[in-house]
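Student:
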Amino acid sequence: MKSKTTKSLARQNRWVGFFFITPWLIGFLVLQLYPILATLFYSFTNYTFTNDPSFVGLKNYIRMFTIDKQFLESMKITGLYTLMAIPAKIAFALIIAMILNQKVRGIGVYRALYYLPSILGGSVAVSVLWRVLFMHDGMINHIIGTVGLGPVDWLTDPGIALGTLSLLQVWQFGSSMVIFLAALKQIPRDLYEAADVDGASWWLKFRKITVPQVSSVIFFNLIMQTVQALQNFTSAFVITNGGPMKKTYIIGMKLYDDAFKYYNVGYACAESWALFVVIIALTALVFKSSDAWVYYADEGVRK
Amino acid sequence: MRKALSVAMVIALLLCSFQVFAGGAGESSSDDGVTTIRVAWWGGDARHKAMLDMIAAFEAENPDIKVEPEYSAFAQYGDKFFIQLTSGAAPDVMAVDQPWCATAVQQGDFFLDLSPYAEQLQIDTFDDYLIDNYSYFNDKLLFLPIGINGMGSLVDTEILSQFGFDINDKDFTWDDMFALAEKVHAANPDWYLCCTDSKQAALYYARVYLRQLTGRQLINDDGTMGCTREELSEALELVDRCYKENVFQPITISAVYNNTMTQNPDWLNRKMFMILGRTSVMTETASRREIDGHYTTTGYVMPQLEGGVESGIEVRPVTLYAVNKETRNPDAAVRFLEFMFTTEAAAKAIGSNYSVPAREESRGYVADVLDPSAIENVEYSLANAGSTLNAWSGNSEVEALFTEIMEKIAYGQYDSMLEAADEIIERIGMIVTN
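First to last, the sequence lines map onto chains R and W. All the letters of the first sequence, read from the start, carry residue numbers 23 to 325 under our numbering. All the letters of the second sequence, read from the start, carry residue numbers 125 to 558 under our numbering.
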């Protein structure tokens, strides 16, 4: 009898629990799950916003790899952008976190200041600012001009523009840095003290103690930042608008143009699923490789 | 009590979320005798203010109708236009860009036929050219043009007159343009005759030249090419020459101002002196004279090809307005359009925000705020108009392709313009078949 009451109470509680997460649940179902399933459906149709979608089988997926040369080109550009931006961003975040891990007066203020770009970074306003900084008559060219260099066409030279965009991504290192900082604070001091006794150099301590100890955080940052970079849209859209000569026409922009400029919605949905599969595959790859290089302290051994 | 509260909150939330998706044009009447209609348009701050003033004047005269304005910038408006239309969430009265009309009509029956209201809307007082070419689809009167755009150039007369440019000489050819550009650049290596971007180079140089040369559409109605590769290559040659002979600023400097070329500091600081485009570029710049200090810019003609088949001048509406077919209040919507298009109060409130009005009578109401050269340009364009652009030639994907090719020409990516022409022809084939 008693257990029956407990069971019905548990069931009742479960419903109360559902009620409490209703706002999230509605958001998830309506704003996430439904669009995801809808794009999968539309990716097999010729939907254009204005027509009744009719089923076209794999036509959109075939077009992506046979007719539309820009698709693979944009994927390549996006990959290159991610390759340039993410390792630099993670390295930069780790270095700054190590500096901010020192015991210096007013370190809290510095930490807040270094985090600022991350708060601002993704916004349109900062992208506009970035554009102004790097244009032909911009501040960066004025600064390098004082030492006799330049001017460099940061945004309009087809060979340089993508690098300039990835700099903005690197500049938003704050959130990774905060996580690194927390990880650095977790490293037991006695490891460093023991290394000091053995006369280890700074570089050796960095390689043998710091990096393995924060490797799980590197792993986390690598995944999060890679996914974010592969989905980037704002900076290319605002700063270069995909130019010059489509050299910064990342896949996020192409998706947007195909759907909202040319109304090839079915095709754009197929492209977004292709991007989704690439992101999942890359994430799986990083997860798989993590066995070899990520160290979890609580398990005592390399996993 | 707490449980009741949480249940109430959940129900309220659910209702709110459904409300978001339910807001179509249908539910716009209330019980107190006041009819509410939703009116949507795009534009900048000046146009928004003018439209809101016009709406206030309309409501003062029509206390039984309340207008809910919905306005945004062009890009955002364009993004949601078709989604709203097809999802049944479109407003009662909406602004429509001319290239969207054919697409929308092709895809569905979204707009109210205004033919029964033709007398009330005084259709016979609108410019015939616009009504005949852009308002009727399948014998239904669907779109009302509010302003007219011709084509021409905006020139800095004060500086160009130093180089022998004469505003009164209307026989301006492409060769004259090259000769003038040479003098300008020779006087100061930082000066270039024309301010442009890749899209403008495609639409107002290459495409105009091609139409002057052939008198035909770029792409025929059946999707086949309307010109030969040699003709196309000659048109591309024009743009190539413009970059090579310093008519245009080098692309490495100007590319940052793609789509915002009038914000290029070298234009604002008078290092470039001519912009080819539609009449609205003249009215817009005229309205900014106070800010920019460009007291000497004025509208002028479009360069012509000596011995050309046609003028290449496209005359088209600035913006059209349509009524949602699903509206529950067609009479209120039409009364709003009647006020907006035909009254002096509305014309004065709107001013020059829709270029030159499509009705001659309205032009008279705003003659004091309109740039005289813009009116002159519209009249010149109407008198010398070429054929109207067909849907394929004005297709946004085709225009984007042309823009991309202009950029590649500017960066010197082709050994010959025939190579560029071949790329265009090949890729247009792909666009048409998809």
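Positions of the beta carbon are idealized from the N, C-alpha and C atoms, including for glycine.
Would you call R:A314 buried or exposed, if buried means 16 or more other Cβ atoms sit within 10 Å of its Cβ?
Tutor: Stepping through the first sequence from its first residue, residue 314 of chain R is reached at position 292. R:A314 is exposed by the Cβ-count criterion.
Student: Compute the Euclidean distance between the alpha carbons of W:R162 and W:E500, then round it to the nearest angstrom.
Tutor: Sequence index remark: in the second sequence, residue 162 of chain W carries index 38 (1-based). Sequence index remark: in the second sequence, residue 500 of chain W carries index 376 (1-based). Distance between the alpha carbons of W:R162 and W:E500 is about 35 Å.
Student: Checking contacts by CB at 9 Å: is W:T386 closer than that to chain R?
Tutor: In the second sequence, counting from the first residue as 1, residue 386 of chain W sits at position 262. Output row for W:T386: interface = no.
Student: Closer than 8 Å by beta-carbon distance: list the chain W residues that pair up with R:I89, in chain order.
Tutor: Within the first sequence, residue 89 of chain R is the residue found at index 67, counting from 1. Within chain W, the residues near R:I89 are M554, N558.
Student: Given this structure, state the Cα-to-Cα distance separating W:D546 from W:T338, to the nearest angstrom.
Tutor: Counting from 1 along the second sequence, the entry for residue 546 of chain W is found at position 422. Counting from 1 along the second sequence, the entry for residue 338 of chain W is found at position 214. For W:D546 and W:T338, the distance between alpha carbons rounds to 18 Å.
Student: Threshold first: 4 residues or longer. Then list the alpha helix (DSSP H) segments lying entirely within the segment 68-108 of chain R, N to C.
Tutor: Counting whole runs of 4 or more residues, the segment 68-108 of chain R contains the alpha helix (DSSP H) stretches 81-88.
Student: Can you list, in chain order, the residues of its chain whose CB lies under 8 Å from that of W:S540, leaving out five sequence neighbours each side?
Tutor: Walking along the second sequence from the start, residue 540 of chain W turns up at place 416. Closer than 8 Å at Cβ, skipping near neighbours: S357.
Student: I'd like to know whether the C-beta atoms of W:N186 and W:F465 end up nearer to each other than 9 Å.
Tutor: In the second sequence, the residue the question calls residue 186 of chain W occupies position 62. In the second sequence, the residue the question calls residue 465 of chain W occupies position 341. Not closer than 9 Å, so no.
Student: If R:F66 and R:F77 are in contact, beta carbons under 8 Å, what's the gap, nearest whole angstrom?
Tutor: Your numbering for residue 66 of chain R matches position 44 in the first sequence. Your numbering for residue 77 of chain R matches position 55 in the first sequence. That belief holds up - the Cβ atoms of R:F66 and R:F77 are roughly 6 Å apart, short of 8 Å.
Student: Name the chain W residues whose beta carbon is nearer than 9 Å to that of R:G196?
Tutor: Position 174 of the first sequence holds residue 196 of chain R. Ordered by position in chain W, no residue passes the 9 Å Cβ test against R:G196, which lies about 27 Å from the chain.
Student: Quick one, which residues of the segment 279-302 of chain R are near chain W if we go by CB-CB under 7 Å, in chain order?
Tutor: Listed in sequence order: F282, K283, Y284, Y285.
Student: Go through its chain and collect everything with a Cβ distance to R:E95's Cβ below 8 Å, but skip five positions before and after it.
Tutor: Taking the first residue of the first sequence as position 1, residue 95 of chain R is located at position 73. Excluding sequence neighbours, R:E95 sits near K268, Y271.
Student: According to DSSP, simplified to helix, strand and coil, what is R:K111?
Tutor: Counting from 1 along the first sequence, the entry for residue 111 of chain R is found at position 89. Here R:K111 sits in helix by DSSP.
Student: Taking only beta carbons into account, state which residues of the segment 68-79 of chain R come closer than 8 Å to chain W, listed in chain order.
Tutor: The segment 68-79 of chain R vs chain W, Cβ under 8 Å: T70, F71, T72, N73.
Student: Let me see if you follow: with CB-CB separation under 9 Å, is R:H158 close to chain W or not?
Tutor: By one-based count along the first sequence, residue 158 of chain R stands at place 136. For R:H158, the answer is yes, since a Cβ of chain W falls inside 9 Å of its Cβ.
Student: Could you check whether W:W166 and W:S196 sit closer than 9 Å to each other, using their CB atoms as the reference points?
Tutor: Your numbering for residue 196 of chain W matches position 72 in the second sequence. Your numbering for residue 166 of chain W matches position 42 in the second sequence. Yes. Within cutoff.
Student: Go through its chain and collect everything with a Cβ distance to W:V522's Cβ below 8 Å, but skip five positions before and after it.
Tutor: The residue you call residue 522 of chain W lines up with position 398 of the second sequence. Taken in chain order, the residues that qualify are L342, I343, W516, I552, I555.
Student: State the CB to CB distance for the pair W:S479 and W:V442, rounded to an integer number of angstroms; the pair is presumed to be in contact (CB under 8 Å).
Tutor: What you label residue 479 of chain W is simply residue 355 of the second sequence in a count that begins at 1. What you label residue 442 of chain W is simply residue 318 of the second sequence in a count that begins at 1. With a Cβ gap of about 5 Å, W:S479 and W:V442 count as contacting.
Student: Restricting to Cα atoms, I'd like to know which of W:D364, W:M275, W:T348, W:Y328 is closest to W:E531.
Tutor: Numbered from its first residue, the second sequence carries residue 531 of chain W at position 407. Of the candidates W:D364, W:M275, W:T348, W:Y328, the one whose C-alpha sits nearest the C-alpha of W:E531 is W:D364.
Student: Which residue from R:Y64, R:V233, R:S198 puts its Cα closest to that of R:G79?
Tutor: Stepping through the first sequence from its first residue, residue 79 of chain R is reached at position 57. Nearest of R:Y64, R:V233, R:S198 to R:G79, Cα basis: R:Y64.
Student: Anything in chain R within Cβ reach of W:G232, meaning under 7 Å, just list it in chain order.
Tutor: Translated into positions along the second sequence, residue 232 of chain W becomes position 108. Within chain R, the residues near W:G232 are T72.
Student: Scan the segment 191-208 of chain W for residues whose Cβ lies nearer than 7 Å to a Cβ of chain R and list them as they occur along the chain.
Tutor: If the cut-off is 7 Å between Cβ atoms, the segment 191-208 of chain W has D203, F206, I207 near chain R.
Student: Can you tell me the Cα-Cα spacing of W:L444 and W:A164, whole angstroms?
Tutor: Looking up residue 444 of chain W in the second sequence gives position 320. Looking up residue 164 of chain W in the second sequence gives position 40. Cα to Cα, W:L444 sits roughly 12 Å from W:A164.
Student: Tell me whether W:L561 is buried or exposed, calling it buried when 16 or more other Cβ atoms sit within 10 Å of its Cβ.
Tutor: In this structure chain W extends from 125 to 558, so residue 561 of chain W is not present and cannot be described.
Student: Is there a Cβ of chain R sitting closer than 9 Å to that of W:K395, yes or no?
Tutor: Along the second sequence, read from residue 1 onward, the residue named residue 395 of chain W stands at position 271. So, not an interface residue.
Student: Is DSSP giving W:R402 helix, strand or coil here?
Tutor: If you number the second sequence from 1, residue 402 of chain W lands on position 278. It is a strand residue.
Student: Let me confirm a value: R:W224 is counted as buried when at least 16 other C-beta atoms fall within 10 Å, else exposed. Which label applies?
Tutor: Counted from its first residue, the first sequence places residue 224 of chain R at position 202. Exposed is the call here.
Student: So, does the CB of W:D382 fall closer than 9 Å to a CB anywhere in chain R?
Tutor: As a working mapping, residue 382 of chain W is identified with position 258 in the second sequence. A small fix is needed here, since residue 382 of chain W is Asn in this sequence, not Asp. Cβ-Cβ to chain R under 9 Å: yes for W:N382.
Student: Taking 9 Å as the CB-CB limit, is R:M106 close to chain W?
Tutor: In the first sequence, residue 106 of chain R corresponds to position 84, counting from 1. R:M106 does not count as touching chain W.
Student: Can you list, in chain order, the residues of its chain with a C-beta nearer than 8 Å to that of R:I141? Leave out the 5 residues immediately preceding and following it.
Tutor: For this step, residue 141 of chain R is matched to residue 119 along the first sequence. Excluding positions up to five away in sequence, the list reads G196.
Student: For the alpha helix (DSSP H) containing W:T338, name the first residue and the last one.
Tutor: Within the second sequence, the letter at position 214 stands for residue 338 of chain W. Per DSSP, W:T338 belongs to the alpha helix (DSSP H) from 331-338.
Student: So, is W:P240 buried or exposed, given that buried needs 16 or more other C-beta atoms within 10 angstroms?
Tutor: Stepping through the second sequence from its first residue, residue 240 of chain W is reached at position 116. Counting Cβ neighbours within 10 Å, W:P240 comes out exposed, since fewer than 16 surround it.
Student: What are the uninterrupted segments assigned as beta strand (DSSP E) that are 3 or more residues long and contained completely in the segment 423-476 of chain W, given in chain order?
Tutor: For the segment 423-476 of chain W, whole beta strand (DSSP E) runs of length 3 or above, ordered along the chain, are 444-447.
Student: Spell out whether any CB of chain W is found under 9 Å from the CB atom of R:T186.
Tutor: As a position in the first sequence, residue 186 of chain R is number 164, starting the count at 1. No, R:T186 lies away from the interface with chain W (no Cβ there is under 9 Å from its Cβ).
Student: Identify each residue in the segment 170-186 of chain W for which the Cβ-Cβ distance to at least one residue of chain R is less than 9 Å, and report them in chain order.
Tutor: Listed by position along the chain: nothing, the set is empty.
Student: Could you check whether the segment 169-176 of chain W touches the segment 475-491 of chain W, counting it as contact only if at least three pairs of C-beta atoms, one from each stretch, sit closer than 8 Å?
Tutor: Enough Cβ pairs lie closer than 8 Å, so yes.
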